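Report on the structure given below.
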Ligand SMILES: Nc1ncnc2c1ncn2[C@@H]1O[C@H](COP(=O)(O)OP(=O)(O)OP(=O)(O)O)[C@@H](O)[C@H]1O
Ligand SMILES: [Mg+2]
């Protein structure tokens with residue numbers, strides 16, 4: 001787990017189409033907007049564009065709320081075997097998560113004005129979701145979604 | 001409430017307050033909207049607030065939390081809240097995340113919303 005987290009934290013920004021630094025609350029809306037745009041460029045259905053934008057909104061807010069600063073990196077992948085795919089990496093060097101299993105359970109939150117459904121929701125909205133985190137080091141959430149034929 | 005303090009222009013129809021949301025709901029905006037609505041409920045003694053979210057493209061967990069909290073506060077002030085015009089992709093996303101907009105009556109459109117109020 002530790003190696004995985006290091007690897008993800010060191011991932012190069014140059015490999016992504018868009019990098020949004022999260023430092024202010026407004027950056028959450030910017031990240032969401034960028035995700036929406038890339039999903040649209042890939043030809044995602046309106047429903048899937050909305051799911052991707054909502055998932056990115058959750059990830060960006062978690063960075064802002066729990067780590068204060070971090071970044072959202074997004075890229076389009078055309079050559080994936082499953083078809084065109086959008087990949088998002090949300091990385092921060094904040095306090096980290098004590099138990100990833102626990103945060104993936106609905107209703108778990110350390111924030112007083114919350115439903116605690118951000119991360120469980122992200123996992124449901126996307127096709128793939130991986131969380132690497134260590135207390136004192138940081139958190140990286142990597143998610144992706146394929147374009148559906150419709 | 002001073003006009004400049006309003007995040008969203010509202011329209012009074014009888015003793016209902018219609019709130020067409022036509023801007024992107026970021027965190028600050030949704031919090032200011034909550035404050036605005038509570039003040040307007042008190043000031044005008046409206047008995048229902050109708051939130052029209054036709055133009056809203058993303059409702060995530062925090063936005064829905066704050067909207068539900070607003071509905072709960074309005075309820076305590078003797079006011080009903082109706083949400084209408086949730087777009088199909090937004091409804092799908094909310095359903096998949098398991099978010100129920102608690103405290104709201106849900107209407108298909110404005111006409112249905114007015115029907116629920118009167
Ligand atoms: N980037 C992060 N760094 C540190 N802790 C985090 C991070 N993201 C999430 N957490 C922890 O995981 C918990 C669950 O996160 P999740 O997004 O699922 O719910 P929430 O943020 O508490 O509420 P909601 O997203 O519904 O508003 C948080 O309360 C927080 O303790
Ligand atoms: Mg969250």
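Chains as they are written, first to last, in the UniProt record's numbering: chain A, 1 to 150; chain B, 1 to 118. Cβ coordinates follow ideal geometry from the N, Cα and C atoms, glycine included. Quick caveat, the model's predicted, so the values are computed rather than measured.
Asked                                                                                                                                                                               : Found
By the three-class DSSP mapping on this structure, what secondary structure does residue 57(B) have?                                                                                : coil
Tell me where the alpha helix (DSSP H) around residue 27(B) begins and ends.                                                                                                        : 27 to 44
For residue 27(B), is the classification buried or exposed, using 16 other Cβ atoms within 10 angstroms of its Cβ as the cut-off for buried?                                        : buried
Would residue 154(A) pass as an interface residue toward chain B - the criterion being a Cβ-Cβ separation below 7 Å?                                                                : Limits of chain A in this structure are 1 at one end and 150 at the other, which puts residue 154(A) out of reach.
Around the C-beta of residue 142(A), are 16 or more other C-beta atoms found within 10 angstroms, so that it is buried, or is it exposed?                                           : buried
So, with DSSP's three-state summary, where would you put residue 37(A)?                                                                                                             : helix
For the alpha helix (DSSP H) containing residue 88(B), list its first residue and its last residue.                                                                                 : 88 to 97
Consult DSSP for residue 111(B) and reduce its assignment to one of helix, strand or coil.                                                                                          : helix
Within the structure, which residues are defined as neighbours of ligand 2 by a Cβ-heavy atom distance below 5 Å, reported in chain order?                                          : 62(A), 118(A)
Near residue 145(A), which residues of its chain fall below 6 Å by C-beta distance, leaving aside the five closest residues on each side in sequence?                               : 52, 86, 126, 127
According to DSSP, is residue 53(A) helix, strand or coil?                                                                                                                          : helix
Is the beta carbon of residue 42(A) less than 7 Å from the beta carbon of residue 76(A)?                                                                                            : yes
Residues in the same chain with beta-carbon distance under 7 Å from residue 32(B), minus the five sequence neighbours each way, listed in chain order, please.                      : 7
Answer with buried or exposed for residue 110(A), where buried requires no fewer than 16 other C-beta atoms within 10 angstroms of its C-beta.                                      : exposed
For a contact defined as C-beta to C-beta under 7 Å, what are the partners of residue 118(A) on chain C?                                                                            : No chain C appears in this structure, whose protein chains are A and B.
Return yes when the Cβ of residue 52(B) is within less than 7 Å of the Cβ of residue 85(B), no when it is not.                                                                      : yes
Using a cut-off of 8 Å between C-beta atoms, extract the partners of residue 57(B) located in chain A.                                                                              : 36, 50, 53
Pair every Cβ in the region 64 to 82 of chain A with every Cβ in the region 8 to 15 of chain B, then say whether three or more of these pairs are closer than 8 Å.                  : no
Going by DSSP, name the residue or residues bridged to residue 16(B).                                                                                                               : 13(B), 48(B)
At 3 residues or longer, and completely inside the UniProt domain "Histidine kinase/HSP90-like ATPase" (47 to 149) of chain A: list those beta strand (DSSP E) runs for me, N to C. : 70 to 77, 85 to 92, 128 to 134, 138 to 146
For residue 139(A), count neighbouring Cβ atoms within 10 angstroms of its own Cβ and tell me buried if that reaches 16, exposed if not.                                            : buried
Under 7 Å between beta-carbons, which chain A residues line up against residue 22(B)? List them in chain order, please.                                                             : Correct list: empty, because the minimum Cβ distance to chain A is about 15 Å.
Let me check one thing: in DSSP terms, what residues is residue 32(A) bridge-paired to?                                                                                             : According to DSSP, which records beta bridges pairwise, residue 32(A) is partnered with nothing at all.
Have a look at 115(A), 107(A), 93(A) and flag the residue whose alpha-carbon is nearest the alpha-carbon of residue 7(A).                                                           : 93(A)
For the beta strand (DSSP E) that residue 21(A) lies in, which residues bound it at each end?                                                                                       : 18 to 22
Quick one: any contact between the region 99 to 117 of chain A and the region 26 to 35 of chain A, if contact means 3 or more CB pairs under 8 Å?                                   : no
Taking 6 Å as the cut-off, is the CB of residue 11(B) close to at least one heavy atom of ligand 1?                                                                                 : no
Look at residue 90(A) and residue 5(A) and say whether their C-beta atoms are less than 7 Å apart.                                                                                  : no
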